[in-house]
Structure formats: C-alpha cells, structure tokens
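Asks: Just dropping this structure here.
Numbering (the numbering used here), first residue to last: 31 to 144.
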C-alpha cells in the first residue's frame with residue numbers, strides 16, 4: 031500500500047486529500063489495521079486507520095477486532111474438540127462391552143458362571 035492507494039481510498043470515501051498529504055515512512059506490506067498520518071495543513075495532521083485486507087469479508091473481520099488467523103485457530107479448536115468427543119464415545123462403547131455374555135467354543139450361548 032502506497033500513499034497514492036491511501037489517497038484513492040479516502041477520496042472514494044468522500045474525503046478530499048492528495049497523495050502527497052499522506053505520510054508513510056515505508057509502504058505497507060502486511061494485512062491488518064494500520065494507522066497513517068495525513069498532513070492536512072502546515073499545523074494540522076490527522077491520523078486515519080487503513081484496513082488492509084484481501085477481501086471485504088476479511089476487512090469486516092479485522093474491523094471487528096479479529097483476524098483470519100484467529101478465525102482459523104477457532105476452527106482448529108472446534109475440530110480438535112469433535113475428535114476428542116469421538117474418542118470419548120469409542121471409550122464408552124468399550125466399557126459397554128464388559129457386560130456382554132461369555133460364549134464358550136462349543137457354541138452354547140449360556141452365561142458362564144464366575
């Protein structure tokens with residue numbers, strides 16, 4: 031993101047600034063919210079927040095305080111929880127097997143005395 035890009039976005043939003051008024055020490059190369067200074071007058075500077083995102087949905091997530099990485103981490107935790115529940119269910123099924131009848135090799139289905 032360059033000063034020209036920031037000025038274009040501001041102009042599209044209804045503000046009137048030129049690219050030379052946008053003060054960036056270096057081009058923005060990372061996604062996320064970035065604070066940028068705008069030199070409005072010799073004695074007046076303003077700070078604006080620039081939301082750098084790949085899509086509108088991602089920009090909305092970032093504006094709400096979340097990032098794509100946070101969302102992915104939440105999804106991973108949900109999947110891990112589902113897997114843990116599956117293993118808990120399998121453990122419960124093996125516990126149920128303990129009460130089954132013992133069958134001898136002759137084919138009788140009678141219970142074996144303990």
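The beta-carbon is built from N, C-alpha and C at its ideal position, and this holds for glycine as well.
With DSSP as the reference, label residue 66 as helix, strand or coil.
Replies: Correct three-state label for residue 66: strand.
Asks: Counting C-beta neighbours from all protein chains within 10 Å, is the total for residue 26 16 or more, i.e. buried, or is it exposed?
Replies: Because the chain spans 31 through 144 in this model, residue 26 falls outside it and cannot be assessed.
Asks: Consult DSSP for residue 82 and reduce its assignment to one of helix, strand or coil.
Replies: Note: residue 82 maps to strand in three-state DSSP.
Asks: Check the C-beta distance from residue 42 over to residue 61 and give it rounded, since I have them as a contact under 8 Å.
Replies: Their Cβ separation, rounded to whole angstroms, is 20 Å, which puts residue 42 and residue 61 out of contact at 8 Å.
Asks: Which value, in whole angstroms, describes the spacing of the CA atoms of residue 31 and residue 50?
Replies: Those two C-alpha atoms are separated by around 14 Å.
Asks: So the candidates are 79, 57, 58; which of them puts its Cα closest to the Cα of residue 67?
Replies: Answer by Cα proximity: 79.
Asks: Rounded to the nearest angstrom, how far is the Cβ of residue 76 from that of residue 65, given a contact under 8 Å?
Replies: About 11 Å separates the two Cβ atoms, so there is no contact after all.
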